[in-house]
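So the sequences go chain by chain: A and Y. Position one of the first sequence corresponds to residue 567 (the numbering used here), numbered consecutively onward. Position one of the second sequence corresponds to residue 21 (the numbering used here), numbered consecutively onward. Idealized CB from N, CA, C, for every residue including glycine. None of these values were measured; they are calculated from a predicted model. Here's the structure we're looking at; comments come further down.
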Amino acid sequence: DVKVTQSSRYLVKRTGEKVFLECVQDMDHENMFWYRQDPGLGLRLIYFSYDVKMKEKGDIPEGYSVSREKKERFSLILESASTNQTSMYLCASSILRTVTEAFFGQGTRLTVV
Amino acid sequence: TQLLEQSPQFLSIQEGENLTVYCNSSSVFSSLQWYRQEPGEGPVLLVTVVTGGEVKKLKRLTFQFGDARKDSSLHITAAQPGDTGLYLCAGGDSGYALNFGKGTSLLVTP
């Protein structure tokens, strides 16, 4: 059974903190993605990676960075958390081919206070 | 980024009714996917449509890809409370990442 696991379901952080969201997949997928989901705005792509140490900006990369040191792990970093980064964060993975099924983790609900 | 417009945004119906949700774009997609997301969970793939005019059936769900590959529809026959959720369409452009519509939130009441 395919699995994408996000390290936390719920997180509460203070403004200005550095926040790490971790995602691990066990399917040997090349592509990994970070989306955020907000009411009325849908899923928006933050960053994606198609290989170890490779990263590409998505539609809303400002205030975020990513790290992919190993194929199975993709981390999203909020350098200095702000209240407007309160959101549901979704990690996904897929095989290295255009337009293929994305497998999602269960999401991390982040609240920045 | 290619935009996908979904309609309606919200839909509340009673068990047994039929419904159709739509996904439209001004861009051509090589394929289009439909996902369903339940509260507190990540989206799960329902179907991928690839060929213009293609129709796929998944039990009571019927998916259609427009002839021009710019639009798609999802029809549910005799909706049940278990169909409640957020339905998302997604398509890819020249890269590897999917672009998602904002979704249709469906509530089916007994």
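Among the residues of chain A, those whose CB is under 9 angstroms from the CB of Y:Glu61 are Phe670, Gln672 and Gly673, following chain order. Chain A has no Cβ within less than 7 angstroms of the Cβ of Y:Ala88. Taking a C-beta cut-off of 9 angstroms against chain A, the contacting residues of the region 22–53 of chain Y are Leu24, Gln26, Gln29, Phe49, Ser50, Ser51, Leu52 and Gln53, listed in chain order.
A:Asn597 counts as buried, since no fewer than 16 other beta carbons sit within 10 angstroms of its beta carbon. Between the alpha carbons of A:Ile626 and A:Arg634 lies a distance of about 18 angstroms. For a cut-off of 8 angstroms, the C-beta gap from Y:Val67 to Y:Phe49 is around 14 angstroms, too long to register as a contact. In the three-state DSSP reduction, A:Asn650 falls in the helix class (H, G or I). At a cut-off of 7 angstroms between beta-carbon atoms, Y:Gly123 makes contact with chain A.
Within the model, the alpha-carbon separation for A:Asp594 versus A:Ile661 is close to 8 angstroms.
In the three-state scheme derived from DSSP, where H, G and I count as helix and E and B as strand, A:Asp617 is classed as coil. In the structure shown, Y:Gly102 falls within a helical segment according to DSSP collapsed to helix, strand and coil. Neighbours of Y:Ala117 across chain A, judged by C-beta separation under 7 angstroms: Phe599, Leu611, Phe614 and Gly624.
A distance below 7 angstroms separates the beta carbons of Y:Ala99 and Y:Ile33. Neighbours of Y:Phe120 across chain A, judged by C-beta separation under 7 angstroms: Gly608 and Leu609. Sorting Y:Gly73, Y:Gly36, Y:Val41 and Y:His95 by C-alpha distance to the C-alpha of Y:Ser125 places Y:Val41 at the top. Our two residues, A:Lys584 and A:Ala647, have alpha carbons roughly 6 angstroms apart in a direct line.
Between A:Val632 and A:Lys619, the gap from beta carbon to beta carbon reaches 7 angstroms or more. By alpha-carbon distance to A:Arg580, the top candidate from A:Thr652, A:Gly673, A:Phe614 and A:Leu642 is A:Thr652.
Taking a beta-carbon distance threshold of 7 angstroms, Y:Leu126 does not count as an interface residue toward chain A.
Taking 8 angstroms as the upper bound for CB-CB distance, Y:Gln53 and A:Glu667 are in contact here, some 7 angstroms apart. For Y:Ser51, there is no enclosing beta strand (DSSP E), as DSSP marks it with neither H nor E. For the 7 angstroms CB-CB criterion, Y:Gly72 and Y:Asp87 form a contact.
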